[in-house]
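Visitor: Mapping of the sequence shown onto UniProt numbering: position 123 corresponds to residue 123, and the numbering continues sequentially without gaps.
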Amino acid sequence: MSTTISPTAHVGLSARLQESTSRSRSRARRSNTADSLRTGDRWARQVVDPWWPCILALDGGGIRGYSSLLIIQELMHRIHFWEEELKNEPAISTAAPSRGRQEARNEEDASPGADNNDTMDEAAEGQHETTSEQKPFSTKVPPVDELLPCHYFDFMFGTSTGGLIATMLGRLRMTVPECLELYREVGESLFGRKRSSIPLFTKYYNEPLEKAVQEVVSRQCRAHARCDGTQCLHPWPSELARQVESAFDVDGRGQPFDVDQPRVCHSCCLTATHDEKPSVAYLLRSYSHYYPEEALDRIKPYNEGADPLKVWEVTRATSAAPFYFRMLETEIDGQAKAFKDGGIRENNPSGAALNEFNSLYYAKTDVPALLLSVGTGRPDSAQDGFASVFPGPFRSFKVVRQLTENLAILRNVLIRYTEGESLHDRIRSLVARGENTWYKRLNVDDGLQDMPLDDWTKGTWRGQPNVPGGKSLTRMEVATRRYLDRDFRENIDSYAQPSIMIDQAAQKLVRQRRAREQLGGERWTTFVGGHLPEAPTP
Numbered sequence: 001m002s003t004t005i006s007p008t009a010h011v012g013l014s015a016r017l018q019e020s021t022s023r024s025r026s027r028a029r030r031s032n033t034a035d036s037l038r039t040g041d042r043w044a045r046q047v048v049d050p051w052w053p054c055i056l057a058l059d060g061g062g063i064r065g066y067s068s069l070l071i072i073q074e075l076m077h078r079i080h081f082w083e084e085e086l087k088n089e090p091a092i093s094t095a096a097p098s099r100g101r102q103e104a105r106n107e108e109d110a111s112p113g114a115d116n117n118d119t120m121d122e123a124a125e126g127q128h129e130t131t132s133e134q135k136p137f138s139t140k141v142p143p144v145d146e147l148l149p150c151h152y153f154d155f156m157f158g159t160s161t162g163g164l165i166a167t168m169l170g171r172l173r174m175t176v177p178e179c180l181e182l183y184r185e186v187g188e189s190l191f192g193r194k195r196s197s198i199p200l201f202t203k204y205y206n207e208p209l210e211k212a213v214q215e216v217v218s219r220q221c222r223a224h225a226r227c228d229g230t231q232c233l234h235p236w237p238s239e240l241a242r243q244v245e246s247a248f249d250v251d252g253r254g255q256p257f258d259v260d261q262p263r264v265c266h267s268c269c270l271t272a273t274h275d276e277k278p279s280v281a282y283l284l285r286s287y288s289h290y291y292p293e294e295a296l297d298r299i300k301p302y303n304e305g306a307d308p309l310k311v312w313e314v315t316r317a318t319s320a321a322p323f324y325f326r327m328l329e330t331e332i333d334g335q336a337k338a339f340k341d342g343g344i345r346e347n348n349p350s351g352a353a354l355n356e357f358n359s360l361y362y363a364k365t366d367v368p369a370l371l372l373s374v375g376t377g378r379p380d381s382a383q384d385g386f387a388s389v390f391p392g393p394f395r396s397f398k399v400v401r402q403l404t405e406n407l408a409i410l411r412n413v414l415i416r417y418t419e420g421e422s423l424h425d426r427i428r429s430l431v432a433r434g435e436n437t438w439y440k441r442l443n444v445d446d447g448l449q450d451m452p453l454d455d456w457t458k459g460t461w462r463g464q465p466n467v468p469g470g471k472s473l474t475r476m477e478v479a480t481r482r483y484l485d486r487d488f489r490e491n492i493d494s495y496a497q498p499s500i501m502i503d504q505a506a507q508k509l510v511r512q513r514r515a516r517e518q519l520g521g522e523r524w525t526t527f528v529g530g531h532l533p534e535a536p537t538p
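#1: Beta-carbon separation of GLY163 and CYS265 under 8 Å?
#2: For the ligand FMN, is there a heavy atom less than 7 Å away from the beta-carbon of ARG326?
#3: Is the separation between the beta-carbon of LEU209 and that of VAL176 shorter than 8 Å?
#4: Just to confirm before moving on: does the CB-CB distance between LEU283 and ALA338 stay below 8 Å?
#5: Whose C-beta lies closer than 7 Å to the C-beta of ARG78 among residues of the same chain, with five residues either side of it excluded?
#6: Going by CA-CA distance only, name the one from VAL217, SER350, ASN443 that's closest to LEU69.
#7: With a cut-off of 8 Å, do at least 3 Cβ pairs link the region 44-58 to the region 455-462?
#8: Under three-state DSSP, which class holds GLU89?
#9: Taking 8 Å as the threshold, find out whether the region 346-360 comes into contact with the region 56-75 through three or more Cβ pairs.
#10: Under 8 Å between the Cβ atoms of ALA91 and ARG523?
#11: Give me the Cα-Cα distance between THR271 and ASN88, rounded to the nearest whole angstrom.
#12: Thinking LEU473 and ARG184 are a contact (beta carbons under 8 Å), I'd like their distance in whole angstroms, please.
#13: With burial defined as no fewer than 16 other Cβ atoms inside 10 Å of the residue's Cβ, what is the status of GLY520: buried or exposed?
#14: Since TYR291 and GLU304 should fall inside the 8 Å C-beta cutoff, what is the C-beta to C-beta distance between them, to a whole number of angstroms?
#15: Give me the residue from ALA363, GLN261, CYS221 with the minimum Cα distance to THR525.
#16: Give the straight-line distance between the Cα atoms of ILE427 and TYR439, rounded to the nearest whole angstrom.
#17: Ordered along the chain, which non-local residues of its own chain (more than five positions away) have a Cβ less than 6 Å from that of ALA212?
#18: Between the C-alpha atoms of ARG441 and GLU215, what's the straight-line distance to the nearest angstrom?
#19: I want to see whether chain B comes within less than 8 Å of GLN73, judged by CB atoms only; does it?
#20: Under three-state DSSP, which class holds SER286?
#21: Please classify SER494: does DSSP put it in a helix, a strand, or coil?
#22: What does the alpha-carbon distance come out to for the pair GLY530 and GLN449?
#23: What distance in whole Å lies between the Cβ atoms of CYS150 and LEU370, which are believed to be in contact at a cut-off of 8 Å?
#24: Counting only the same chain and skipping the five closest in sequence on each side, list residues whose C-beta sits under 6 Å from that of SER267.
#25: So ILE165 is in the alpha helix (DSSP H); what residue range does that whole segment cover?
#26: Let's test the definition: count the other Cβ atoms within 10 Å of the Cβ of VAL478 and tell me whether it reaches 16, buried, or not, exposed.
#27: Span of the alpha helix (DSSP H) holding SER359?
#28: Would you mind giving the Cβ-Cβ distance between GLY65 and THR318, rounded to the nearest angstrom? I have them listed as a contact below 8 Å.
#29: Excluding the 5 residues preceding and the 5 following ARG173 in the sequence, name in chain order all residues of the same chain whose CB lies nearer than 7 Å to its CB.
#30: Give every residue of the same chain whose Cβ lies closer than 6 Å to the Cβ of SER359, excluding the five residues on either side of it in the sequence, and list them in chain order.
#31: Do MET451 and GLY375 count as a contact pair if the criterion is CB distance below 8 Å?
#32: Could you give the first and the last residue of the continuous beta strand (DSSP E) run that contains THR330?
#33: Could you name the residues that DSSP lists as bridge partners for MET156?
#34: Give the C-beta separation of VAL510 and GLU83 to the nearest angstrom, bearing in mind that I take them to be a contact with Cβ-Cβ under 8 Å.
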């Protein structure tokens, strides 16, 4: 006897099959989404808010800062690739652009929740579909060596040599090749002639660094005719300088820096003060910022405001490494002040950068678009400090007091220089919960660990023999290239090898930049230097 199926049964069976298929697709989509989250791909292609900040943090490390620049150069090459790859696609963000500070306080946080994750994935995956609201860019991508990191990063933090790089790339708006060339030029004049060979006494003259920075400021300055670089505080025109000059004559408590106002890329150099108290980390900002009371319960307060130091003074202050260069002594608001290398307190500025972010964006978001930390080579963890006191009655002698202080500094320096990776581990595990999203650190793990901060040895460089510093430059280039090309190492890498991390960071930076350009307006024009003339005004 044959069995017939009623039309209603057919409908029910069809519905169940569709429901089952839908559940299977949903499970597959969730599985793909989870994989995409773990690999970092999903994060790299999302733009939640175009003006969420992209932050660069650069470790100290003396001449090894050359390795940091090589890593950033690789990043710029990948940025160039993604600019070309995406230039015919629409820029998409999944949230409205940031508005004023007060509006942000009255609205919910823009961070994506579980309910809109699929929506963001669909937006990212559907970028090839152009609508009237989403027009492809037609701007020609500049040559890779002409790309400016200050067009991609909002803030650059640096300690010691990292502070010098942050100033050059951020405040002075230089390209990476220009910075690499300066490093090679200054290396010989800076480390090729010693001031003293006596242990624990200042080893090198500081004048070559001062002169080099002054010459760069003179070339880059767009605010003053015939600028010689010695007096320049702000190498940009007066209408932009006025945005930060109020920091220098604030009557009473100053105001928090409003991140929603049109601005250029800013830099912040970590240094340390020298006075009766123990050395404390001190921030030399190119912008004025006073901590809002609402954010004090979630931050570590540093100094506030912005000190009126010349650009060359800022670089001297952050790079005055004990035993290498003399402290910078100057006068601020009628008071004598002395600064020394910020590496004494925080050689890895990522913690200070994250702290500053929290105080600036507390009403907007809990995480930046990107915090990229770049080291100068993993240190030798076997190093240890020395005794910090000099025994007996000889401490009353001036020379012995200086030696005592230098020994104490030396112990602190060794500890701080090896603590950079510990800070990285804490941020990665406790704050960012991994490196597959907004936090990433790039640091050569082999080949530089026993390289002195002032290593400048003559040798072969790029086929040329007997080049001043050639052996040192070659060593850093080889070690950095090997690091960038190596495979995944489970005992070092948290989720991917360096090349993948750099590629994802580059894609993120390009998508953020393109989304900002699509929004346009005064904010975008100011950020990319649209108000900066190409040459000093007469």
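Glycine included, C-beta positions come from ideal geometry on N, C-alpha and C.
The structure displayed is predicted, hence computed values, not measured ones.
Guide: Looking at the atomic coordinates:
#1: As a working mapping, residue 163 is identified with position 163 in the sequence shown. As a working mapping, residue 265 is identified with position 265 in the sequence shown. No, the pair does not count as a contact, with Cβ atoms beyond the cut-off.
#2: Here there are no bound small molecules, and the ligand FMN is not part of this structure.
#3: The residue labelled residue 209 in the question sits at position 209 within the sequence shown. The residue labelled residue 176 in the question sits at position 176 within the sequence shown. No; because the gap between Cβ atoms is not below 8 Å, this pair is not in contact.
#4: Start at 1 with the first residue of the sequence shown, and residue 283 comes out as number 283. Start at 1 with the first residue of the sequence shown, and residue 338 comes out as number 338. It is not a contact, given that the beta carbons lie outside the stated cut-off.
#5: On the sequence shown, residue 78 is found 78 positions in, with the first residue counted as 1. Closer than 7 Å at Cβ, skipping near neighbours: ILE502, ASP503, ALA506.
#6: Within the sequence shown, residue 69 is the residue found at index 69, counting from 1. The candidate whose alpha carbon is nearest that of LEU69 is ASN443.
#7: no
#8: Numbered from its first residue, the sequence shown carries residue 89 at position 89. Here GLU89 sits in coil by DSSP.
#9: yes
#10: Residue 91 sits at position 91 when you count from the first residue of the sequence shown. Residue 523 sits at position 523 when you count from the first residue of the sequence shown. The answer is no: Cβ separation not under 8 Å.
#11: Against the sequence shown, residue 271 aligns to sequence position 271. Against the sequence shown, residue 88 aligns to sequence position 88. The straight-line gap from Cα to Cα measures roughly 44 Å.
#12: Here residue 473 is taken as the residue at index 473 of the sequence shown, counted from 1. Here residue 184 is taken as the residue at index 184 of the sequence shown, counted from 1. Going by Cβ atoms, the distance from LEU473 to ARG184 rounds to 7 Å, so yes, they are a contact pair.
#13: Numbered from 1 along the sequence shown, position 520 holds the residue referred to as residue 520. Its Cβ having fewer than 16 others within 10 Å, GLY520 is exposed.
#14: Here residue 291 refers to the residue found at position 291 of the sequence shown. Here residue 304 refers to the residue found at position 304 of the sequence shown. Correct: roughly 6 Å between the Cβ atoms.
#15: To locate residue 525, count along the sequence shown from 1; it is residue 525. Nearest of ALA363, GLN261, CYS221 to THR525, Cα basis: GLN261.
#16: Position 427 of the sequence shown holds residue 427. Position 439 of the sequence shown holds residue 439. In a straight line, the C-alpha of ILE427 is about 8 Å away from that of TYR439.
#17: Position 212 of the sequence shown, counted from the first residue, corresponds to residue 212. VAL186.
#18: By one-based count along the sequence shown, residue 441 stands at place 441. By one-based count along the sequence shown, residue 215 stands at place 215. Each residue's alpha carbon lies about 32 Å from the other.
#19: You won't find chain B in this structure, because it holds only one protein chain.
#20: Indexing the sequence shown from 1 puts residue 286 at position 286. Reduced to three states, the DSSP call for SER286 is coil.
#21: Locating residue 494 in the sequence shown gives position 494, counting from the first residue. In the structure shown, SER494 sits in coil (DSSP, three-state: anything other than H, G, I, E or B).
#22: Against the sequence shown, residue 530 aligns to sequence position 530. Against the sequence shown, residue 449 aligns to sequence position 449. Cα to Cα, the separation comes out at about 42 Å.
#23: As a working note, residue 370 is residue 370 in the sequence shown. As a working note, residue 150 is residue 150 in the sequence shown. Actually they are not in contact, since the Cβ atoms of LEU370 and CYS150 sit about 15 Å apart, beyond 8 Å.
#24: By 1-based counting over the sequence shown, the position of residue 267 is 267. Cβ within range, chain order: MET156, ALA166, THR167, GLY170, ARG171, SER286.
#25: The residue labelled residue 165 in the question sits at position 165 within the sequence shown. Element bounds for ILE165: 161-166.
#26: On the sequence shown, residue 478 is found 478 positions in, with the first residue counted as 1. Looking at its Cβ environment, which holds fewer than 16 other Cβ atoms inside 10 Å, VAL478 is exposed.
#27: Along the sequence shown, one-based indexing puts residue 359 at 359. Start and end: 350-361.
#28: One-based indexing of the sequence shown puts residue 65 at position 65. One-based indexing of the sequence shown puts residue 318 at position 318. About 12 Å separates the two Cβ atoms, so there is no contact after all.
#29: Position 173 of the sequence shown, counted from the start, is the residue given in the question as residue 173. If we look at ARG173 and ignore the five residues flanking it on each side, its Cβ neighbours are LEU148, CYS150, GLN220, GLY529.
#30: Numbered from 1 along the sequence shown, position 359 holds the residue referred to as residue 359. Correct list, in chain order: TYR291, ALA295, ILE299.
#31: In the sequence shown, residue 375 corresponds to position 375, counting from 1. In the sequence shown, residue 451 corresponds to position 451, counting from 1. Cβ distance not < 8 Å, so GLY375 and MET451 don't count as in contact.
#32: Taking the first residue of the sequence shown as 1, we reach residue 330 at position 330. Per DSSP, THR330 belongs to the beta strand (DSSP E) from 328-332.
#33: Residue mapping note: residue 156 aligns to position 156 of the sequence shown, counting from 1. Looking at the DSSP assignment, MET156 forms a beta bridge with LEU56, SER267.
#34: On the sequence shown, position 510 is the one that residue 510 refers to. On the sequence shown, position 83 is the one that residue 83 refers to. The Cβ separation is near 6 Å, so the contact holds.
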